[in-house]
Structure formats: structure tokens, C-alpha cells
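Trainee: Would you mind keeping the following structure in view while I ask a few things?
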Ligand SMILES: C[S@@+](CC[C@H](N)C(=O)[O-])C[C@H]1O[C@@H](n2cnc3c(N)ncnc32)[C@H](O)[C@@H]1O
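In the numbering used here, the protein residues as written are 1135 to 1467.
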């Protein structure tokens, strides 16, 4: 382990902390992983997952980030419990990243929909773990976000018959299933933008009859002004900003805002600080190798910094009911 040095009065003081400490924390954590493994293998999924999440949450909150990363790599992913949790398809797909990143649309479907065991295509342990993960606050937040978006689309289309809507990084656009306006083709124009052509293929085949238009494009195309839409009533992005560094988030927000007509709305979301449902976030990082950017309200408010204040009619920052997600809603003057 790396040794830590601290500057005291200009002198370098070798605390040699991590080296000794590593031996102290590694053994009890490994024992907790052993216990979780035995409980899962014995069929007590709930107890096994609680043991695992609580051990990971504790490790994440006590280790310095560098030791935490090392623990994920050297201890957690080499432990047999990792093979067990990879029987769960959301976890496995996150970890394997067949599309080069965690959080693709296929993966989200494993927690969006209450899929029957045969559709999960895995072992009874995998099904049990999927049920457990679907009952956690963080996945409930994802479903809550999807439902909130569907109500938001309905509201905007209710206010204006020919509303034009753009979903940025749309994935499989699962909010469309719950939006009455979309199901009844009451949205003037619906553009679904994503860089993932396979996800757009699903949209085309499943939602083409509702008038949804897939648009192939990436954030960089928007930032370079190579992809631009005008007079939008609603532009929104969910599950995108959690991956974007702050300077990109700021530029993208200004660019998307500039696509709105007067009175148009921009709605953005980001996972809140890692202390909410911390054990689940530890599981995402340790077992799924899924590292999101968690933000505080002040970070999200910072996204507005390149929008001229004179163009802002209203701005609102709020959390979802689980306080796990932060939303930013902007209305153009
Ligand atoms: C976590 S999913 C969210 C999907 C959907 N919006 C939702 O809320 O379920 C992230 C989506 O962002 C897309 N994405 C990621 N980076 C992107 C980029 N730079 N440009 C366009 N799309 C991107 C991915 O292809 C994926 O469909």
C-alpha cells in the first residue's frame, strides 16, 4: 500500500499510516465478504446482500479514495462473492460493459421493469439479488425519475398542443410508456437523441408508431454546434450529467438552454452526494465498476453559469422524494 506523507510546518512527516492500517482493515472486511458469500450461497439473499452492502458501505466511508479503489480491485473483485453477485444481470452488465460504459439502456431495463425470472435469464441466486437491488432506494430513484419525466412530458404537452420535446441521451426512453401524451400521440414533435445506435434502433421499432424520431448524436456534436434544434418547448437529460465533468456540464447546459423558445423548459438531473444510500453506491463502484459523479446543489446550480441571467425567467433546484437525485429546472424568458 502507498504510504502517506503529511507536510507539517514545511517538513515531510512520514506517517506510514496506510501500510499498517491496511492489514487491520483488510482482514475484517474479507471476513465480512466471506460471510456474505456463505449467506448468499445458502439462499439467504436478503441477509447476504445486507452483509455485503454494509461491509462495502463501511469500507467506502472509512478508506481514503485511493485505498477504496485498491480494495475494490484487489479484495472485492477477487473474492468469490463477486462471482455470485455477477449472476445478477444488472450487476453483470455494469461490470462487463459490453458497450464500453456502465449504465447502458439494456442494463437499466433490469431495474426499470419488474422482469419475470425467465426474462432475467439467470440463476435463482441472480433472480434473488435482482429483486433485492430493485427494492433499494437508488433503483427506486431511477424509476421515480422515469415516472417524473413522463408526468413532466404530459404537463408540457397539456400546456401546448404542438409541443416540441427533445430527450438528450434518451436510452430506451422508458418514460414514454407511462406518458399519456406520448401514448395518445399528443406531443407535437418528439426527438430522441443518443449516441448509441442500438438503443435508437429499439426506439425506432418500439416507438416509431408513436411518432418518436430517433436522432443519432453525441454531446460533443451539440457542444460543437453541429447538432442544434430551435424553438423547443422541453429539453431534458436524465442519466447523462452524472458522467460529465463540470466544465462540459456547464457548456452543455448553456447550449441546450439556447434551443428553447421563450417559455420553454430545460430539465436536468444528477445523483446527489454519495452519502445518500451510500452502501448501494459502494456496491456500484466495488461490484459493478460503475463510478458516477455525485453532486451537491451548489455544483448543479453552477451549470447555469454560462446562461445570461436576462434570459432566465425561472430557476428551480429540488430533490426527489428519496433525496437521492437533484433536479434543475430552468424556464426561458
Ligand atoms: C444511464 S443511460 C440514461 C438513459 C435514459 N435517459 C434514462 O434516463 O433511462 C445513459 C445514456 O446516455 C447515452 N450517452 C452517454 N454519453 C453520451 C454522449 N456523450 N452523447 C450522447 N449520448 C450519450 C448512452 O448511450 C445512454 O443511452
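Quick reminder that beta carbons are idealized off the backbone N, C-alpha and C, glycines included.
Out of 1216, 1417, 1449, point me to the one whose CA is closest to residue 1271's CA.
Mentor: By 1-based counting over the chain shown, the position of residue 1271 is 137. Among 1216, 1417, 1449, the Cα nearest to that of residue 1271 is on 1417.
Trainee: Report the start-end ranges of each alpha helix (DSSP H) in the segment 1286-1322 that is 4 residues or longer and not cut off at the edges.
Mentor: Fully enclosed alpha helix (DSSP H) runs of 4 or longer: 1314-1317.
Trainee: I'd like the list of long-range same chain contacts for residue 1184, defined as Cβ closer than 7 Å, with 5 residues on each side in sequence excluded.
Mentor: Here residue 1184 corresponds to residue number 50 of the chain shown, with the count starting at 1. Here the set comprises nothing.
Trainee: Reducing DSSP to helix, strand and coil, say where residue 1157 ends up.
Mentor: Sequence index remark: in the chain shown, residue 1157 carries index 23 (1-based). Three-state DSSP puts residue 1157 in a helix.
Trainee: What number of angstroms, rounded off, separates the C-alpha of residue 1136 from the C-alpha of residue 1309?
Mentor: Residue 1136 sits at position 2 when you count from the first residue of the chain shown. Residue 1309 sits at position 175 when you count from the first residue of the chain shown. Only weak support exists for where residue 1136 lies, its pLDDT of 37 falling under 50; the coordinates are left without a value.
Trainee: Extract the residue ranges of the alpha helix (DSSP H) inside the segment 1348-1374, only unbroken runs of 4 or more that lie entirely within it.
Mentor: Correct list: 1353-1357.
Trainee: Can you list, in chain order, the residues of its chain whose CB lies under 6 Å from that of residue 1194, leaving out five sequence neighbours each side?
Mentor: Taking the first residue of the chain shown as 1, we reach residue 1194 at position 60. If we look at residue 1194 and ignore the five residues flanking it on each side, its Cβ neighbours are 1202, 1416.
Trainee: On the premise that residue 1400 lies in contact with residue 1464, defined as a C-beta separation below 8 Å, what is that separation, rounded to the nearest angstrom?
Mentor: As a first step, residue 1464 must be located in the chain shown, where it is residue number 330. As a first step, residue 1400 must be located in the chain shown, where it is residue number 266. Indeed they touch by this definition, with Cβ atoms about 4 Å apart.
Trainee: Mapping the DSSP letters down to three states, classify residue 1396 as helix, strand or coil.
Mentor: In the chain shown, counting from the first residue as 1, residue 1396 sits at position 262. Strand at residue 1396.
Trainee: Pick out whichever of 1221, 1278, 1274, 1234 has its Cα sitting closest to the Cα of residue 1251.
Mentor: The count along the chain shown starts at 1 and reaches residue 1251 at position 117. Closest by alpha carbon: 1221.
Trainee: What are the start and end residues of the beta strand (DSSP E) that includes residue 1197?
Mentor: In the chain shown, residue 1197 corresponds to position 63, counting from 1. From DSSP, residue 1197 is part of no beta strand (DSSP E); its letter is neither H nor E.
Trainee: Please state whether the Cβ-Cβ distance between residue 1325 and residue 1363 is less than 8 Å.
Mentor: As a working mapping, residue 1325 is identified with position 191 in the chain shown. As a working mapping, residue 1363 is identified with position 229 in the chain shown. Yes, the pair counts as a contact, with Cβ atoms nearer than the cut-off.
Trainee: Alpha carbons only, please: which of 1160, 1236, 1381, 1466 is nearest the one belonging to residue 1212?
Mentor: If you number the chain shown from 1, residue 1212 lands on position 78. Considering only alpha carbons, the answer is 1160.
Trainee: Roughly how many angstroms separate the alpha carbons of residue 1336 and residue 1306, rounded to a whole number?
Mentor: Translated into positions along the chain shown, residue 1336 becomes position 202. Translated into positions along the chain shown, residue 1306 becomes position 172. Those two C-alpha atoms are separated by around 7 Å.
Trainee: Please find out if some non-hydrogen atom of ligand 1 comes closer than 7 Å to the beta-carbon of residue 1353.
Mentor: Taking the first residue of the chain shown as 1, we reach residue 1353 at position 219. Within the cutoff, so yes.
Trainee: Taking the alpha-carbon positions, what's the residue 1452 to residue 1283 distance?
Mentor: As a first step, residue 1452 must be located in the chain shown, where it is residue number 318. As a first step, residue 1283 must be located in the chain shown, where it is residue number 149. Whole-angstrom Cα-Cα distance: 14 Å.
Trainee: Using DSSP bridges, identify the partner residues of residue 1403.
Mentor: Translated into positions along the chain shown, residue 1403 becomes position 269. In DSSP, residue 1403 forms a bridge with 1461.
Trainee: Just to confirm, is the Cβ distance from residue 1413 to residue 1190 under 8 Å?
Mentor: Reading the chain shown from its first residue, position 279 is the one you call residue 1413. Reading the chain shown from its first residue, position 56 is the one you call residue 1190. Contact flag set, yes.
Trainee: What are the boundary residues of the beta strand (DSSP E) that includes residue 1453?
Mentor: In the chain shown, counting from the first residue as 1, residue 1453 sits at position 319. Residues 1446-1453.
Trainee: DSSP has residue 1328 in a bridge; who is on the other side?
Mentor: The residue labelled residue 1328 in the question sits at position 194 within the chain shown. Per DSSP, 1350.
Trainee: Less than 8 Å between the CB atoms is what I'm expecting for residue 1428 and residue 1406, so what's the real figure, rounded?
Mentor: Your numbering for residue 1428 matches position 294 in the chain shown. Your numbering for residue 1406 matches position 272 in the chain shown. That belief holds up - the Cβ atoms of residue 1428 and residue 1406 are roughly 6 Å apart, short of 8 Å.
Trainee: Would residue 1466 pass as a contact of residue 1449 if the rule is Cβ separation under 8 Å?
Mentor: If you number the chain shown from 1, residue 1466 lands on position 332. If you number the chain shown from 1, residue 1449 lands on position 315. Taking 8 Å as the Cβ cut-off, residue 1466 and residue 1449 do not qualify as a contacting pair.
Trainee: Considering only their Cβ atoms, is the gap separating residue 1276 from residue 1302 smaller than 8 Å?
Mentor: For the purposes of this step, residue 1302 is taken as the residue at position 168 of the chain shown. For the purposes of this step, residue 1276 is taken as the residue at position 142 of the chain shown. No. Outside cutoff.
Trainee: Between residue 1360 and ligand 1, is there a pair consisting of the residue's CB and a ligand heavy atom that are separated by less than 7 Å?
Mentor: Looking up residue 1360 in the chain shown gives position 226. No, since every heavy atom of ligand 1 falls outside the 7 Å radius drawn around the Cβ of residue 1360.
Trainee: Are the segment 1247-1265 and the segment 1315-1325 in contact at 8 Å, needing three or more beta carbon pairs?
Mentor: Cβ pair count under 8 Å is below three, so no.
Trainee: Whose CA, out of 1217, 1157, 1238, 1240, lies closest to the CA of residue 1168?
Mentor: Counting from 1 along the chain shown, the entry for residue 1168 is found at position 34. For residue 1168, the nearest C-alpha among the options comes from 1217.
Trainee: Relative to the alpha-carbon of residue 1224, which residue among 1323, 1439, 1242 has its alpha-carbon at the smallest distance?
Mentor: Taking the chain shown and counting its residues from 1, the one referred to as residue 1224 is at position 90. Minimum Cα distance to residue 1224 is reached at 1242.
Trainee: If you compare alpha carbons, which of 1208, 1214, 1267 is closest to residue 1181?
Mentor: Translated into positions along the chain shown, residue 1181 becomes position 47. It is 1267.
Trainee: Residues in its own chain within less than 8 Å of residue 1347 by CB, not counting five upstream and five downstream?
Mentor: Within the chain shown, the letter at position 213 stands for residue 1347. These residues qualify, in order along the chain: 1323, 1324, 1325, 1326.
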